[in-house]
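S.K.:
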Amino acid sequence: MMNVILPLLGGFIITAAFMPALIRYFRARHEGQMIRDEGPTWHEKKSGTPTMGGLLFIIAIAVMTLATSWLLAPHHVLSTTWILVFILVLYGALGAWDDSIKLFHRQNEGLKAWQKLLGQIVGALILFWVYAHEHLPMALHVPGIGNWHMSGWYAIFIIIWLVGFSNAVNLSDGLDGLVSGLASIAFLAYGVVAWHQMQLNIAIFCFAVVGSLLGFLIFNHKPAKIFMGDTGSLALGGALAAVSILLHHELSLLWIGLVFVIETASVILQVASFKLTGKRIFLMSPIHHHFEMKGWSEWKIDFTFWGIGLVTALSGVWVILAK
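Structural data, given as structure tokens:
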């Protein structure tokens with residue numbers, strides 16, 4: 010049980026204990042989120058709220074993952090542990106760079122798309138190299154069918170998966186507490202799967218994420234005292250995709266992370282519809298803003314989306330463990 014309790018509790022304590030100091034630091038430096046002009050007008054009051062809160066929970070996750078892994082196996086911290094921490098930190102660094110540009114220039118535009126994409130691809134290729142080095146099957150597990158052997162093409166899949174889900178989680182981060190709750194549920198689901206598969210190193214990482222995010226949610230729920238920024242959302246999305254790959258249940262993320270998929274699809278459909286017909290499908294995208302425009306409160310959207318995420322996570326885990 011130490012594999013669960015130590016990273017979960019440690020991540021929570023580190024994040025909850027040090028977040029007030031980080032909030033005070035950002036407020037003292039007057040470094041706050043710049044709200045995009047095209048967003049809901051009532052979000053303007055959030056302008057100036059400290060961001061980059063993802064910095065602290067990334068540190069908490071990395072510290073508790075490595076510390077727990079070392080305590081349980083001091084001479085044998087697995088490469089999969091290191092690669093998960095690496096992806097988390099690399100994608101978090103990309104997000105931090107992006108957030109820093111926005112804060113420094115007092116604008117809502119950060120890194121250029123190609124710069125962000127290049128960093129995401131580099132991380133995905135390093136994950137593929139470790140995956141191949143561990144002699145794991147270069148195959149995509151297709152539920153109900155079996156393994157689809159892809160050889161080197163699996164590298165392309167990994168790139169698509171990490172880039173796609175890191176951006177999907179980033180797109181979903183538009184309401185107080187929304188991504189914190191959704192990501193906690195998804196990582197908890199994969200933590201259970203990892204525990205069941207006896208991949209305890211991955212389970213340790215997942216439970217460290219859950220604990221750290223629950224500690225962050227204390228300050229991130231509405232009205233948020235701090236946002237995770239691209240620092241947190243890109244890191245969480247990349248790490249979530251990496252976990253699904255290392256557990257060899259890649260496509261399960263489409264269901265366990267269904268809300269992230271829907272959020273991304275709503276943006277794609279909105280843009281395509283407007284370019285092709287000049288009409289919008291949603292009042293605003295991503296879809297959480299559509300429900301805001303319909304008069305839903307942020308709390309109602311949060312609980313509804315968390316509920317959907319919980320149902321898909323529980324059912325996804327049930328299907329995986331029932332095999």
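At position 257 of the sequence shown the residue is numbered 266 (our numbering), and the sequence of numbers has no breaks.
All C-beta atoms in this analysis are idealised placements derived from N, C-alpha and C, irrespective of residue type, glycine included.
In this text the structure is predicted, and so the values were computed from the model without any measurement.
Got a sec? Which residues, its chain only, sit under 8 Å from THR74 by beta carbon, not counting five neighbours each side?
M.R.: For the purposes of this step, residue 74 is taken as the residue at position 65 of the sequence shown. Answer for THR74: PRO16, THR90, LEU93, VAL94, ILE213, PHE214, ALA217, listed in chain order.
S.K.: What first and last residue would you give for the beta strand (DSSP E) that runs through GLY155?
M.R.: For the purposes of this step, residue 155 is taken as residue 146 along the sequence shown, with counting starting at 1. Where GLY155 is concerned, the enclosing beta strand (DSSP E) stretches over 155-158.
S.K.: Taking only three categories from DSSP, how would you classify VAL86?
M.R.: Position 77 of the sequence shown, counted from the first residue, corresponds to residue 86. Here VAL86 sits in coil by DSSP.
S.K.: Per DSSP, LEU209 is paired with what?
M.R.: Here residue 209 refers to the residue found at position 200 of the sequence shown. None, per the DSSP bridge assignment.
S.K.: Consult DSSP for ALA192 and reduce its assignment to one of helix, strand or coil.
M.R.: One-based indexing of the sequence shown puts residue 192 at position 183. In this structure, ALA192 counts as helix in the three-state DSSP scheme.
S.K.: Name the residue from TYR100, LYS55, SER88, VAL86 whose alpha carbon lies nearest to the alpha carbon of ILE68.
M.R.: Your numbering for residue 68 matches position 59 in the sequence shown. Comparing Cα positions, the closest option is TYR100.
S.K.: VAL326 to LEU292, Cα distance in whole Å?
M.R.: Position 317 of the sequence shown holds residue 326. Position 283 of the sequence shown holds residue 292. Taking the straight line from one Cα to the other gives about 34 Å.
S.K.: Assign TYR34 to buried or exposed, taking buried as 16 or more other Cβ atoms, counted over all protein chains shown, within 10 Å of its Cβ.
M.R.: Within the sequence shown, residue 34 is the residue found at index 25, counting from 1. With fewer than 16 other Cβ atoms within 10 Å, it is exposed.
S.K.: Do the segment 255-266 and the segment 55-67 make contact, defined as three or more Cβ pairs closer than 8 Å?
M.R.: With a cut-off of 8 Å, the segment 55-67 and the segment 255-266 do not count as touching, because too few Cβ pairs lie within range.
S.K.: So for HIS299, helix, strand or coil by DSSP?
M.R.: Counting from 1 along the sequence shown, the entry for residue 299 is found at position 290. Looking at HIS299 - three-state DSSP - the assignment turns out to be helix.
S.K.: Quick check on the burial criterion: 16 or more other C-beta atoms within 10 angstroms. Buried or exposed for MET207?
M.R.: Walking along the sequence shown from the start, residue 207 turns up at place 198. Exposed is the call here.
S.K.: From VAL268 to ASN176, what does the alpha carbon distance come to, in whole angstroms?
M.R.: By one-based count along the sequence shown, residue 268 stands at place 259. By one-based count along the sequence shown, residue 176 stands at place 167. Between VAL268 and ASN176, the C-alpha separation is close to 13 Å.
S.K.: With DSSP run on the structure shown, which of helix, strand or coil describes ALA148?
M.R.: Position 139 of the sequence shown holds residue 148. In the structure shown, ALA148 sits in a strand (DSSP, three-state: E or B).
S.K.: Which of the three DSSP states, helix, strand or coil, is assigned to PRO59?
M.R.: Taking the sequence shown and counting its residues from 1, one reaches residue 59 at position 50. Coil.
S.K.: Applying the 10 Å Cβ sphere with the 16-neighbour rule, what's the burial state of GLY186?
M.R.: Residue 186 sits at position 177 when you count from the first residue of the sequence shown. Looking at its Cβ environment, which holds 16 or more other Cβ atoms inside 10 Å, GLY186 is buried.
S.K.: Which first and last residues belong to the alpha helix (DSSP H) in which GLU307 is found?
M.R.: For the purposes of this step, residue 307 is identified with residue 298 of the sequence shown, where counting begins at 1. Taken as a continuous stretch (DSSP letters only), the alpha helix (DSSP H) holding GLU307 covers 307-330.
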